[in-house]
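Per my numbering, the sequence shown runs over residues 1006 to 1439.
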Amino acid sequence: MSDRYVALGLARVRTPWFSDVSRWATSGQLAMDFVKTVSASEVRARLESGRPFSALLIDGGLPGVDRDLLELAREHGCAPIVVVDGSVRDWSTIGAADTLPTDFGRTELEAVLSEHATPIGRADDLPGQVESAGEHEGGFRARVVAVTGPGGTGRSVVAMAIAQGAATDPAHADTVVLADLALHADQAMLHDARDVIPGVLELVESHRSGAPSPEEVRALTFDIVTRRYRLLLGLRRHRDWTALRPRALRSALDGLRRSFTLVVADVDDDLEGESATGSADVEDRNLLARTATGAADVVVVVGNPGTKGAHSLLRVVRDCIASGVSPDRIVPVVNRAPRSRTARAEIGRTISELLAASNPGQPVLSPVFLPERKQLDDVLRDGVTLPDALVAPVSHAVRARLEAVDDRTPVLHADEPVLVEAGSLGAWDEEVAG
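Following this line, the structure appears as structure tokens:
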């Protein structure tokens, strides 16, 4: 039996081309099995069922056709082909392998399938993964600094300080963006933002169905004139994380990196995913933090002094390492640190010793100490520049780490395969092995 195409189909009710394709497949005029679906949810379920598909024929006028659906098809070796009615929308930028007009004929469909789809044959000759659109796009990409830490440590203010310090560099003049990617977004309050729209939701939504230009991305941010950086507002409500989709969010972050020279992301400290918890919902909830830290060149972990502060800071550092962040990319910061050099040395020694004990062979930099600023609330209320005593130490540390870390070094995620060196797993005990 010769190989045949197996295609999924989704279209609006009584769409002529949908009936034509079904007739061609049923009558044998087209060497293809055509599987009709009634919703985007069914398409996702069939793609994830394990059965291989050659192509996805989908009506471009449906509301559920977005980047996440098309790239999901690509990830499963299924070429997404969008049927459009003269729309000028650039479907290739969001993952479509090709497009067809609504009045296409059998010959046109065969030509597109021959170019982009793989026939389904024996079980040992299944279609491989189709390269994601834009996966290897060239061009400039900004460096990313993710700032995280437990609640109450001043993480958001430290992120502001890093953005302000970077913006003073002529190389980053008016091209630094502070992105609020926390579930409980506080940057709007800290900057006294009078508007709550646009924000991260609008940025992600714009990348679900297109590829905005750098000018369009910058238009979704606010200019913080006194500190010389731009601000991307965060979620308006905690529950809004349910509207985010992984591929659209990754594309949105890439859009920021194409539009600015430095992205400073204020993120939560919860990085747990499905592999650790068994819950896909937990991974989706933590999508903002996991995406930002996974793409970050440097991760700044903010903590407080004292026993509880050191314990919480160490927990977040370990979580970052467990999620795939290389230890040499982590910059610990102790906020509201005591002025005594002896006390600071003791804190630094304690953190280093505890990290060495729990993560041997994975040294982390010594912490940066930021002093307590009693007039900080007044500074935030007035919207003036942050004091240099707060900005300079952490900015210099981040700049030095960015220069030291090779941005070509891939960041390994916890859910990716890990190369195991020979002998690293130990050896069998002879008595146990028999």
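Glycine included, each C-beta is placed from N, C-alpha and C at the ideal position.
Just so we're clear, the structure is a prediction, and the values are computed from it rather than from any experiment.
Asked	Found
Label Gly-1299 either buried or exposed according to how many other C-beta atoms from any shown protein chain fall within 10 Å of its C-beta, with 16 as the threshold for buried.	buried
Compute the Euclidean distance between the alpha carbons of Tyr-1010 and Val-1093, then round it to the nearest angstrom.	29 angstroms
For Pro-1365, does the count of other Cβ atoms within 10 angstroms reach 16, so buried, or fall short, so exposed?	exposed
Going by the DSSP bridge assignment, what does Ala-1342 pair with across the sheet?	Pro-1376
Kindly indicate the opening and closing residues of the alpha helix (DSSP H) around Arg-1406.	1393-1409
According to DSSP, simplified to helix, strand and coil, what is Glu-1140?	In this prediction, Glu-1140 scores a pLDDT of 46, lower than 50, which makes its location untrustworthy; the coordinate-derived value is nonetheless stated afterwards. In this structure, Glu-1140 counts as coil in the three-state DSSP scheme.
Would you mind sorting Met-1194 into buried or exposed? The rule is 16 or more other CB atoms within 10 Å of its CB.	exposed
In the DSSP assignment, the beta strand (DSSP E) including Leu-1267 goes from what residue to what residue?	1267-1271
Using only the alpha-carbon positions, how far apart do Trp-1022 and Lys-1041 sit?	12 angstroms
Taking the Cβ atom as the reference point for each residue, do Arg-1235 and Arg-1072 lie within a distance shorter than 8 angstroms?	no
Is there a C-beta anywhere in chain D that falls below 8 angstroms from the one on Val-1026?	This model lacks chain D altogether, as it is built from one protein chain only.
By Cβ distance, which residues of its chain are closer than 8 angstroms to Val-1018, with the 5 residues on each side in sequence left out?	none
Please report the straight-line C-alpha distance between Leu-1013 and Pro-1057, rounded to a whole angstrom.	10 angstroms
What would DSSP say about Met-1006, mapped onto helix, strand or coil?	Confidence is the limiting factor: at Met-1006 the pLDDT is only 44, short of 50, which leaves the residue's position unreliable, though a coordinate-based value still follows. Here Met-1006 sits in coil by DSSP.
Measure the alpha-carbon distance for Val-1162 versus Arg-1232 and round it to whole angstroms.	13 angstroms
Mind reading off the beta-carbon distance from Ile-1326 to Leu-1370? Whole number of angstroms is fine, and I expect it under 8 angstroms.	That pair is no contact at about 13 angstroms.
Please return the same chain residues whose Cβ sits closer than 7 angstroms to the Cβ of Pro-1343, not counting the five positions on each side in sequence.	Pro-1310, Arg-1349
According to DSSP, simplified to helix, strand and coil, what is Asp-1191?	coil
Alpha carbons only, please: which of Ala-1036, Ala-1257, Ile-1356 is nearest the one belonging to Ala-994?	Because the chain is modelled from 1006 through 1439, residue 994 falls outside the range shown and cannot be assessed.
Which word fits Asp-1271, buried or exposed, when buried means at least 16 other C-beta atoms lie within 10 angstroms of its C-beta?	buried
Tell me the DSSP secondary structure of Leu-1105 in three-state form.	strand
Any idea what DSSP makes of Pro-1332, helix, strand or coil?	helix
Taking all protein chains shown into account, do 16 or more other C-beta atoms lie within 10 angstroms of the C-beta of Ala-1176, making it buried, or fewer, making it exposed?	exposed
Taking Ala-1060 as the reference, which of Ala-1084, Leu-1052, Gly-1066 has the closest Cα?	Ala-1084
Measure the CB-CB distance between Thr-1020 and Asp-1090 and report whether it falls below 8 angstroms.	no
If you run the structure through DSSP and keep just helix, strand and coil, what is Phe-1023?	helix
Would you mind reading off the limits of the alpha helix (DSSP H) that contains Leu-1366?	Per the sequence presented here, residue 1366 reads as Gly, with Leu not at that position. Element bounds for Gly-1366: n/a, residue is neither H nor E.
Might you give, ordered along the chain, the residues of its own chain that have their beta carbon closer than 6 angstroms to the beta carbon of Arg-1252, omitting 5 neighbours on each side?	Arg-1072, Asp-1073, Glu-1076
Does DSSP classify Ile-1086 as helix, strand or coil?	strand
Report back the beta-carbon spacing between Leu-1237 and Asp-1185 to the nearest angstrom; my notes put them in contact at under 8 angstroms.	6 angstroms
Would you list the one or two residues that DSSP bridges to Gly-1308?	Val-1339
Here's the rule: buried if 16 or more other CB atoms are within 10 angstroms of the residue's CB, otherwise exposed. What is Arg-1354?	exposed
Let me know the secondary structure DSSP gives Leu-1186 once reduced to three states.	coil
Pairs of beta-carbons, one from the segment 1144-1158 and one from the segment 1381-1396, closer than 8 angstroms: are there three or more?	no
Give every residue of the same chain whose Cβ lies closer than 8 angstroms to the Cβ of Ala-1128, excluding the five residues on either side of it in the sequence, and list them in chain order.	Caution applies to Ala-1128, whose pLDDT of 49 falls short of 50 and renders its modelled position unreliable; the model cannot decide the point.
Please list the segments of the beta strand (DSSP E) lying wholly inside the segment 1218-1254, counting only runs of 3 or more residues, in order along the chain.	1227-1229, 1234-1237
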